[in-house]
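Trainee: Questions regarding the structure given below will be posed in turn.
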Amino acid sequence: MKVEVRKTNLDKFGQMTPEKAKKYMSRGIIITAIFLIATGVSVFVAANADEWEDLKQAENQWLYDSGVIDFGELGDRNDRVAWERALMEGQSFYVTLFTRIGIYIGFFFLFIGLVGFAITGTGDERTKRLLITIASLILFVMIFTILFSGFSINMNIT
């Protein structure tokens, strides 16, 4: 009677070619970069929402002073500008939440590529240790930020 050994996903790391590992690493870097740029743009928009509101209110006041719009239109436009500012500040939370997931996916691809390249790569032992160390650091950063990103410490010194 012959027992069939079932291969798991961990067994596939040994079968990964260096080219496939490089693909995983490059995809991980590209995905992470795209989502980091989206996060940066979102935070920039939220940080500059008050300057945008001041600019639009000054424009509306100029239109009112020059007689293009009346007082009711000025109030309506300023209310709309205040609403858009609130949306610009609020979008940062949701965009950052979703882009964080994309960054973790990119880091995971990068981790798989580094481990696969370290296992199947043709480099020397020091290079393989370096790749495993970098992959471990990426995994540590992912776990640390996932577990502790909801905590904040506020210190008020008076």
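Read in order, the letters of the sequence shown correspond to residues -16 to 141 in the working numbering.
Glycine is no exception: its CB is placed at the ideal position from the N, C-alpha and C atoms.
Please classify Gly89 as buried or exposed, where buried requires at least 16 other C-beta atoms within 10 Å of its C-beta.
Mentor: Walking along the sequence shown from the start, residue 89 turns up at place 106. Label assigned to Gly89: buried.
Trainee: Which whole-angstrom value is the C-beta distance of Gly96 and Ala16, which I expect to be below 8 Å?
Mentor: For the purposes of this step, residue 96 is taken as residue 113 along the sequence shown, with counting starting at 1. For the purposes of this step, residue 16 is taken as residue 33 along the sequence shown, with counting starting at 1. With 8 Å as the limit, Gly96 and Ala16 do not qualify as a contact, their Cβ atoms being about 15 Å apart.
Trainee: Among the residues of its own chain, which have a CB less than 6 Å from the CB of Arg60, if the five just before and after it don't count?
Mentor: Here residue 60 corresponds to residue number 77 of the sequence shown, with the count starting at 1. Around Arg60: Asn43.
Trainee: Measuring alpha carbon to alpha carbon, tell me which residue in Val98, Tyr47, Phe54 is nearest Ile121.
Mentor: On the sequence shown, residue 121 is found 138 positions in, with the first residue counted as 1. Selected option, being the one with the closest Cα: Val98.
Trainee: May I ask you to report which of helix, strand or coil DSSP gives Asn31?
Mentor: Counting from one through the sequence shown, the residue named residue 31 turns up at place 48. Under the three-state reduction of DSSP, Asn31 is assigned to coil, being neither helix nor strand.
Trainee: For Ser75, report the span of its alpha helix (DSSP H) as first-last.
Mentor: Walking along the sequence shown from the start, residue 75 turns up at place 92. Taken as a continuous stretch (DSSP letters only), the alpha helix (DSSP H) holding Ser75 covers 54 to 103.
Trainee: Please work out which residues of its chain come closer than 6 Å, Cβ to Cβ, to Ile52, disregarding the five sequence neighbours upstream and downstream, and give them in chain order.
Mentor: In the sequence shown, counting from the first residue as 1, residue 52 sits at position 69. Once the five neighbours on either side are set aside, the close Cβ partners of Ile52 are Leu46.
Trainee: Tell me, please, whether the stretch 110 to 120 touches the stretch 18 to 26 by the rule of three or more beta-carbon pairs shorter than 8 Å.
Mentor: No, because fewer than three Cβ pairs between the stretch 110 to 120 and the stretch 18 to 26 fall closer than 8 Å, the two stretches do not touch.
Trainee: Do Arg68 and Asp33 count as a contact pair if the criterion is CB distance below 8 Å?
Mentor: Numbered from its first residue, the sequence shown carries residue 33 at position 50. Numbered from its first residue, the sequence shown carries residue 68 at position 85. For Asp33 and Arg68, yes; Cβs fall inside 8 Å.
Trainee: Express the C-alpha separation of Thr110 and Glu2 in angstroms, rounding to a whole number.
Mentor: Your numbering for residue 2 matches position 19 in the sequence shown. Your numbering for residue 110 matches position 127 in the sequence shown. Going from the Cα of Glu2 to the Cα of Thr110 covers about 17 Å.
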